[in-house]
Each structure stands twice: as structure tokens, then as C-alpha cells.
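Okay, so here's the structure we're looking at.
Number of protein chains: 2
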Amino acid sequence: METTASTLSRKAQIDQTATALFRTRGFAATSMRELATALGIEAGSIYSHIRSKEEILHRICFRMADQFFAGFANATQDDTQPAAVRLRRAIESHVRVLTLDVAASAVFLHEWRHLSEAARNEFLTLRERYEVNFRRLIQQGIEAGELHAPDAAFAALTLLASLNWLPNWFKPDGKLTPDDIAHRLADQLLLGLAHS
Amino acid sequence: METTASTLSRKAQIDQTATALFRTRGFAATSMRELATALGIEAGSIYSHIRSKEEILHRICFRMADQFFAGFANATQDDTQPAAVRLRRAIESHVRVLTLDVAASAVFLHEWRHLSEAARNEFLTLRERYEVNFRRLIQQGIEAGELHAPDAAFAALTLLASLNWLPNWFKPDGKLTPDDIAHRLADQLLLGLAHS
DNA sequence: CCTACCGATCGGTAGG
DNA sequence: CCTACCGATCGGTAGG
């Protein structure tokens, strides 16, 4: 009952601090001692809140996955819209999730390989399903004559790759808002660089 | 003199085996014992050929950087060509370097953060310079009316992000040759997904 | 949340 | 290239 909106639980603090460390130094190169020091406590104390180092990574990765899925579902649920419009909205949603927490996004994108094999397989299945969602949207757009691409799978991979580079350079306090960026990315990917 | 074209020097063997391990398990999570086992020797023996674990990573990263720069210079040296054509050739060169050794490319793209601070700074300076090369090419294309984009820097980042995702899915024995892929990528990035 | 500690493993070296 | 080893550090635990 002491907890206010601005006070993170100790567990949430651990997650947040670990996210920043995992992002800059990598999961394997980050020690629990470093994490403890950053939190201002002793290494052993962390284990009253979590079971293992991997558990933190697991939570970060799967929380982000949930957000991407929820955002996509919400952005594309309106079937009355053309596929190209729904694709635009899906792109905007993806960018919004990425920019809301760039550190967690970077961990989600790069550190999943350090999950245990079982968790890693589950993670990759989710990622594959998410890619299929984009692929299907592009495929629908092709069939409706709104989009053109020799291969929807290829197009989906390229599109997501462009979006996922964002955590590498996005600064929350920059001139461009997440929505500005989303629009530019969508324009560039949909319209191309060549003058028409 | 025993060395034939198909026989790698021990040092080259170490680099190659380490590249594969660094790629799948990450630099920090790969131990010198694992590397030794993969080579069929004892851990201590590696140090007759190299000075440190980081030296291997250093060589992989900077060798790839050299290849990207050499390829770009070669692809864009003909000033009589339009900027859009030179950009296409630069894309093809980049894809060629990536596909020639996807494992080394993946290490180059993801593991540079484990270089020592001095080497890391040098590496990032090179990467920045490479990106500027693409940015300038795009800028020239915009000024010549061959390309259109609200921001050349933004366009360059997005373009390279799409290309650099390649090592994550490219299979050397797949149906598409590197040149096929380069053409498709160039088409998609230059022409866009939207029907014109 | 701390103190004190566990066994395991790390990168690297000396001497042959 | 191996054997034998170094000091340091790792993730994690017991007991308070």
C-alpha cells in the first residue's frame, strides 16, 4: 500500500536495470554483481526477488512479444480496411512498441539466444508467427492489387528488418516523434526510394 | 610448403571455428575450452597461435569492414554513372560481401560491442563512415532527381538495416543466388511495395 | 537484505 | 601442442 504509480516494485526495478545492462553489455557479459551494484544492493540479495538470471531475460523477451502481438491484433482487426491500410497501421503499431522501450526492444531483438533451449524454441515460434502475420497482410495486399512484390515472405522480412533497426538509433528526446518515424518508414517502404 | 589451397593455416582454422561459435553462442558465452574442443586440441594450445580471445574477434570484425569498404569503392568508382545506378551496385556489393561469409557477417554485425573500448571506437568510426558513403550516394540521387526521400540519412539507415538482416535467413544452398537476392532487395527498396 | 561461502568455470601462462 | 596450474570471477545458496 506504500506503492505509488511512480514507485516500481523491487522486481520491476531489477527488470529495468537489467534491461539497460543487458542492452549495452549483453546478457552473457553482464554479471549479477554488476546488476546488484547498479541497484545498490549485494549480489545475493537479488535472489529474494528472482529465481535466476535467465528468468529476468525470459520476462523481458516474452513481455515484449506480448506487446507486439497485442499491438498487431489491435491495428489490423478492422477487416473493412484495405490490406495496404492495415499494413500501415501494423507498421505504426510495431514502431510504437519499439519506441516505448528501446532498451527492452534491443534485448528482445538480440539477447533471446541466451534463453534456455525450451524457452528459445517457444520464443522463435512466436517470432515466426508474428512474421507470418505480416506476410499474410502483404499477400492479401498483393492479391487485391494494392501491393506488388515478387515474394511476400521476402518482403515481410525486409520490412521488419528496417523497422527493427530503430532501437539502434532512436532517441526518445529527438525531433521526430514515434508517429513521425512510423509514417516515414511506412512511406519509404511502401513507396520506395526511386522517383516515380 | 605443405600448405595447399584447401588447407587453412592453424590461425585461419581458429578464426573460422571461432566465427561459427561466436555467431551461434555469442562472443561472451563462448569459452576458449569450447573453441579448443571444436578444434580438437587443448585450451592452452590455442595461445601458441593467438594472443587473446579478443584478438580473434578483432580480426573478424575488421576483416569484414575492409571487405565492405573495398566492395563499395569498387562498385561506385565510375562517376559517369547515375547515382541510382551506383547505389544499386553498392547494394549488390554489400549483399555479395554478406553472403560470401554469413557467419563472419553476423559476428561483424552483432559482436563488435565486445571489442575493447579503443577497438570499439575505431570500429564504430568505420561503420559511421560506411553509412555516410551510402547517405551521400542517396543525397546525390535526390539532388539529381533520380531518388526521392525526405531525409537521406534516414533512408540510408533503413536501407542498410534491410540488407543486414540477410545473414539471419540466407542459406548458401538455397534457390536464390546472392545476385538474385541483391536484385530483389534493390528493387524492393528502390521501387517500394505499393503499386504505382 | 546481508554475510559468508559453495563448486564450477573463466582467460591465460609456464615449462616442457 | 600438452600438462598442470594461476588468480579471478561466475551464478547461486544457507542462515540469519
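Chains A and B supply the protein sequences, listed in that same order. Letter by letter, the first sequence follows residues 1 to 196 in full-length UniProt numbering. Letter by letter, the second sequence follows residues 1 to 196 in full-length UniProt numbering. Yeah, the Cβ is synthetic: ideal placement off N, Cα and C, and Gly gets one too. All values reported here derive from a predicted model rather than from experimental measurement.
Asked                                                                                                                                : Found
Straight-line gap, residue 27 of chain B to residue 131 of chain B (C-alpha atoms, nearest Å)                                        : 25 angstroms
Burial state of residue 83 of chain B (16 or more Cβ within 10 Å)                                                                    : buried
Segments assigned alpha helix (DSSP H), at least 4 residues, entirely inside the segment 77-115 of chain A                           : 83-100 and 102-110
Selection of the segment 108-131 of chain B by Cβ proximity to chain A, strictly under 7 angstroms                                   : 110, 113 and 114
Span separating the alpha-carbon of residue 79 of chain A from that of residue 95 of chain A                                         : 21 angstroms
Alpha-carbon spacing of residue 9 of chain B relative to residue 123 of chain B, whole angstroms                                     : 26 angstroms
Of the residues A/174, A/75, A/175 and A/168, the one placed nearest residue 134 of chain A, counting alpha carbons only             : A/75
Contact check, residue 162 of chain A vs residue 161 of chain B, beta carbons under 7 angstroms                                      : yes
Residue 141 of chain B, enclosing alpha helix (DSSP H) - first and last residue                                                      : 117-143
Stretch-stretch touch, CB-based, cutoff 8 angstroms, three pairs: the segment 137-145 of chain B with the segment 144-161 of chain A : no
Residue ranges of each beta strand (DSSP E) within the segment 153-184 of chain A, 3 or longer                                       : none
Straight-line Cα distance separating residue 189 of chain B from residue 156 of chain B                                              : 11 angstroms
Residue 104 of chain A versus residue 58 of chain A: straight-line alpha-carbon distance, rounded                                    : 11 angstroms
Contact under 7 angstroms by Cβ, residue 167 of chain B with residue 106 of chain B                                                  : yes
7 angstroms Cβ shell around residue 42 of chain A - same chain, five flanking residues per side excluded                             : 36
C-beta contact flag for residue 193 of chain A and residue 149 of chain B at 7 angstroms                                             : yes
Run of the alpha helix (DSSP H) containing residue 14 of chain B, from where it starts to where it stops                             : 10-25
Cβ separation of residue 65 of chain A and residue 159 of chain A, assumed to be a contact under 8 angstroms, to the nearest whole Å : About 18 angstroms; that fails the 8 angstroms criterion.
Any chain A beta carbon closer than 7 angstroms to residue 149 of chain B                                                            : yes
Cβ-Cβ distance between residue 22 of chain B and residue 111 of chain B below 7 angstroms                                            : yes
Within chain B, partners of residue 184 of chain A - CB distance below 8 angstroms                                                   : 150, 151 and 154
Euclidean distance between Cα positions of residue 172 of chain B and residue 33 of chain A                                          : 42 angstroms
For residue 193 of chain A, three-class secondary structure by DSSP                                                                  : coil
Contact list for residue 194 of chain A against chain B, beta-carbon separation under 8 angstroms                                    : 84, 146, 147, 148, 190, 191 and 192
Start-to-end residues for the alpha helix (DSSP H) that takes in residue 33 of chain A                                               : 32-39
Spatially closest choice to residue 29 of chain B from A/181, A/115, A/62 and A/191, by CA coordinates                               : A/115
Buried or exposed (CB count within 10 angstroms, at least 16 for buried), residue 197 of chain B                                     : What the structure shows of chain B is the stretch from 1 to 196, and residue 197 of chain B is not part of that stretch, so it cannot be assessed.
Closer than 7 angstroms to chain A by CB, residue 52 of chain B                                                                      : no
8 angstroms contact criterion, which residue 19 of chain A and residue 60 of chain A should meet: CB distance rounded                : 6 angstroms
Closer than 7 angstroms to chain A by CB, residue 99 of chain B                                                                      : no
is_contact[residue 162 of chain B, chain A] using C-beta, thresh 7 angstroms                                                         : yes
Beta-carbon neighbours of residue 28 of chain B, restricted to chain A and to distances below 7 angstroms                            : 26, 28 and 29
Cross-chain neighbours of residue 157 of chain A in chain B, by beta carbon under 7 angstroms                                        : 165 and 169
Span separating the alpha-carbon of residue 169 of chain B from that of residue 152 of chain A                                       : 15 angstroms
C-alpha distance - residue 54 of chain B paired with residue 63 of chain B, whole-angstrom precision                                 : 14 angstroms
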